[in-house]
Amino acid sequence: MARSAPADPGPTDRPEADFGLLGPFVATVADRPIEVAGIARSVLALLLTSPGRAVSIEEMISGLWDGEPPAGAQKAVRSYIARLRRGLADHPHAAALVATRPRGYLLDVTSDSVDAVRFEDHVRRARTALGADSPLDARSLLADGLRLWRGQAYEDFPDVPFAARARSRLDLLRMDAIELRFDADVALGAGAELVAELESLVGEHPHRERLWEHLIVALYRSGRQSDALGAYRRARQILIEQVGVEPGPGLRRVEQAVLEQDPRLDAPPAREQPRPAAVPAPAAAPSAADERRSGRRWPLAVGALAVVGAAGLTWGLLTAPPSAGHGLPAVRAAIPVGAGPAEVAFTPDGTRAYVTNLGANTVTVIDTATAAPIGAPIRVGAKPNGVVFTPDGSRAYVTNDESKDVSVIDTAAGAVVATIPAGEWPDGLAISPDGGRIFVANSKGDTIQQNDAVTGALIGPPVPTAGSTPRSLAVSPDGRQLWVTNRDAASVSMIELDGFTIVGDPIPVGEGPVGIVVSPDGRFVYVSNKESNTVVVIDAVARVVVGAAIPVGLEPQGITVSPDGRRVYVSNTESDTVSVIDTESRTVAGEQIPVGDGPSAVAVDPRGDELYVVNGLSNTVSVLDLP
Numbered sequence: 008m009a010r011s012a013p014a015d016p017g018p019t020d021r022p023e024a025d026f027g028l029l030g031p032f033v034a035t036v037a038d039r040p041i042e043v044a045g046i047a048r049s050v051l052a053l054l055l056t057s058p059g060r061a062v063s064i065e066e067m068i069s070g071l072w073d074g075e076p077p078a079g080a081q082k083a084v085r086s087y088i089a090r091l092r093r094g095l096a097d098h099p100h101a102a103a104l105v106a107t108r109p110r111g112y113l114l115d116v117t118s119d120s121v122d123a124v125r126f127e128d129h130v131r132r133a134r135t136a137l138g139a140d141s142p143l144d145a146r147s148l149l150a151d152g153l154r155l156w157r158g159q160a161y162e163d164f165p166d167v168p169f170a171a172r173a174r175s176r177l178d179l180l181r182m183d184a185i186e187l188r189f190d191a192d193v194a195l196g197a198g199a200e201l202v203a204e205l206e207s208l209v210g211e212h213p214h215r216e217r218l219w220e221h222l223i224v225a226l227y228r229s230g231r232q233s234d235a236l237g238a239y240r241r242a243r244q245i246l247i248e249q250v251g252v253e254p255g256p257g258l259r260r261v262e263q264a265v266l267e268q269d270p271r272l273d274a275p276p277a278r279e280q281p282r283p284a285a286v287p288a289p290a291a292a293p294s295a296a297d298e299r300r301s302g303r304r305w306p307l308a309v310g311a312l313a314v315v316g317a318a319g320l321t322w323g324l325l326t327a328p329p330s331a332g333h334g335l336p337a338v339r340a341a342i343p344v345g346a347g348p349a350e351v352a353f354t355p356d357g358t359r360a361y362v363t364n365l366g367a368n369t370v371t372v373i374d375t376a377t378a379a380p381i382g383a384p385i386r387v388g389a390k391p392n393g394v395v396f397t398p399d400g401s402r403a404y405v406t407n408d409e410s411k412d413v414s415v416i417d418t419a420a421g422a423v424v425a426t427i428p429a430g431e432w433p434d435g436l437a438i439s440p441d442g443g444r445i446f447v448a449n450s451k452g453d454t455i456q457q458n459d460a461v462t463g464a465l466i467g468p469p470v471p472t473a474g475s476t477p478r479s480l481a482v483s484p485d486g487r488q489l490w491v492t493n494r495d496a497a498s499v500s501m502i503e504l505d506g507f508t509i510v511g512d513p514i515p516v517g518e519g520p521v522g523i524v525v526s527p528d529g530r531f532v533y534v535s536n537k538e539s540n541t542v543v544v545i546d547a548v549a550r551v552v553v554g555a556a557i558p559v560g561l562e563p564q565g566i567t568v569s570p571d572g573r574r575v576y577v578s579n580t581e582s583d584t585v586s587v588i589d590t591e592s593r594t595v596a597g598e599q600i601p602v603g604d605g606p607s608a609v610a611v612d613p614r615g616d617e618l619y620v621v622n623g624l625s626n627t628v629s630v631l632d633l634p
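Using the numbering used here, count along the sequence shown one by one with no gaps and you end on 634.
Set out below in structure tokens:
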């Protein structure tokens, strides 16, 4: 007999359910398996990617067919839902699990009934435990989370687009969890007992520099100093020959510590005898060949960016911030621009920089070779703010806060050729990596809109942000995610661009988040909090803040990252300075750098040679030579 329940049952009305995605597909409700097959099974798995949250029909179309949906895709989705409901109808407790929502469908189960969600929660809590100096708790959480894996993620859905994307994300998170587990083990004093497993893992994943760092320390603690140095040489040879880069700073620092027999490498005083948990080797995680084929080279080559959570617990003694004046930028010039400059962006080839002048309703074009303005300022709309370029540099887009539109500039002609309507006070602006779409944050209208970058046409309805005052935007390098700062809500939201819908709950950050940038590898998101004078780091995969907030200057606003991902630059509006953050140690490198009055925005040129700082009160742009 089917269960009688209201349309929207609360947690106490739901029967106990268990869904397994980390291996062969498992679906049970009230200890009885759900028997569905074929496309209905795929649709059930798709809904399980967002348990308890409505999945729009557009998201489902993207998840099932990616960029090539058949004619009548919406009708097909409704047919598949009907087929799934028929399959659930014979189950005494599952008949009412699929609920209809205005824009899609919801699977009415709790998130902790899905093993993949529980795994992500274990990793998040483990990071928090490491940050609280509780490596024993972290190790236990990670071991429990890794035991949830029974094979390959989404193993029974090899050819379905949504499953492939989720599998890739979970595989990377699994490797992060394994590295975090070694963080905890090493923090607890482990050494020799880790060597065999680490040797196996660096063989399978030779580009993961963090694993090599752990191996070197484990060998050193085993009394095998020469083998530890040999491991460094092996890692360096692999990185140079296969990736074309030298080891990152973390790996180099560990090698130097071994050469100096730094006592900080020794095992810390015992808190409790470490018992490294036996975790199966990550057969489902991507191999080195898979990683090369997928093009995921930034996180592998940079290495230090793979450090998540409180990795400083393990390496803190080896990651002292650089001393003031060593390797920090130096101000070389101050370029006069228009009244009230607000933002700056470089053309993709780095030969020009465009500065929006909020008080003059113009854009100043700077020749970066001479560090001087060229030509007359370009007249745009009222109170211009954000500025971005197409990948080929042929067009620039400028948001105009007061005139509620976006100016399209032909960069060859140096003139506005079109105007795109926007919402109330369009502040934030971003463009897709392929240049096909622009995204606008309407801060007073509390919406995010997307437009065709060529025709200017609005694509679908804007996404509402419910009074959060969206301020700035950043697109992930793969073009799949749009990150949004919600100034009044002290949070950051993530929009999946395939369906153009907000995914998950807002991520709490600091007070007054106004600036945002994504690391070149897409792994981390950096947010400047103007009212709490901090920068926070978000793990883009797990969508959680990692580590402690980083104190910077007063009223930080503009934020950018170097092309190699190793440094983040932040303009401090009230301090009249720029702070430089080392992304590996997540600490401010040296002293703040004085610039002009009221620095509101920063940008690094594509070559990584220069930093431009917009000084909103002195009507100048400071040029800093980067080391």
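Backbone N, C-alpha and C define an ideal beta-carbon position, used for all residues, glycine too.
The structure presented is a predicted model; accordingly, all values stated were derived computationally and were not measured.
Unbroken alpha helix (DSSP H) stretches of 4 residues or longer found wholly inside the stretch 166-209: 168-194, given in chain order.
DSSP places Y112 within a strand segment (E or B) once states are collapsed to three. Only residues of its own chain outside the window of five on either side were considered, and among them V372 and D374 have a CB closer than 6 Å to the CB of I381, listed in chain order. Note on geometry: alpha-carbon atoms of I600 and I438 lie some 30 Å from one another. Around the beta carbon of E562, 16 or more other beta carbons sit within 10 angstroms, so the residue counts as buried.
Nearest in C-alpha terms to R60, of all of A80, S475 and L114, is L114. Its Cα nearest to that of L631, the residue V620 stands out among L624, V620 and S625. For R240, the uninterrupted alpha helix (DSSP H) segment begins and ends at Q232 to I245. Per DSSP, reduced to three states, the secondary structure at G347 is coil, with no helix or strand assignment. For V261, the enclosing alpha helix (DSSP H) starts and ends at P256 to L266.
Contact between Y227 and L258 is ruled out by a C-beta separation of about 14 Å, above the 8 Å threshold. Nearest to V568 by C-alpha distance, out of E581, V553 and G529, is G529. The three-state reading of DSSP puts T397 in coil, since its state is none of H, G, I, E or B.
One Cα belongs to P343, the other to L148, and the distance between them is close to 55 Å. Scanning its chain for C-beta atoms nearer than 6 Å, with the 5 sequence neighbours on each side dropped, one finds around V338 the residues S629 and L631, in chain order. The DSSP-derived three-state label of F126 is helix. When only Cα atoms are considered, P275 and K537 end up about 38 Å apart. Taking all protein chains shown into account, G230 has fewer than 16 neighbouring C-beta atoms within 10 Å of its C-beta and is therefore exposed.
Only residues of its own chain outside the window of five on either side were considered, and among them A24, D25, F26 and P58 have a CB closer than 7 Å to the CB of S120, listed in chain order.
S483 and W490 have their C-alpha atoms roughly 8 Å apart.
Annotated as proximal: A389 and N368, with beta-carbon spacing under 8 Å. Collapsing the DSSP output to three states places R478 in a strand. Each of G345, V548, A136 and V50 was checked against the Cα of T627, and the nearest Cα belongs to G345.
If you draw a 10 Å sphere on the C-beta of S233, you find fewer than 16 other C-beta atoms in it, and that means exposed. In this structure, the straight-line span from the alpha carbon of D505 to that of A203 is close to 42 Å.
In the pairwise beta carbon analysis, the stretch 388-404 is classified as touching the stretch 429-448: at least three pairs are separated by under 8 Å. Spatial neighbours of T580 in its own chain (CB-CB distance under 7 Å, excluding positions within 5 residues in sequence) are listed in chain order as E562, Q564, G605, P606 and S607. Here R157 is near P31, since their CB atoms are less than 8 Å apart. H98 is positioned such that its CB atom lies no closer than 8 Å to that of V167. For G70 against L53, the beta-carbon gap comes to about 5 Å, under 8 Å, which counts as contact. Your pair V370 and P355 does not check out as a contact, with CB atoms roughly 17 Å apart and the cut at 8 Å. The beta carbon of P428 sits closer than 6 Å to the beta carbons of D412 from its chain, once the five residues preceding and following it are set aside; these are given in chain order.
The C-alpha of L143 lies about 39 Å from the C-alpha of S479.
Inter-residue distance for E409 and P348 is about 15 Å (C-alpha atoms, whole angstroms). Check the Cα spacing between I88 and each of R108, P77 and D73: the tightest is with R108. Judged by DSSP secondary structure, W432 falls outside any alpha helix (DSSP H); it is assigned neither H nor E.
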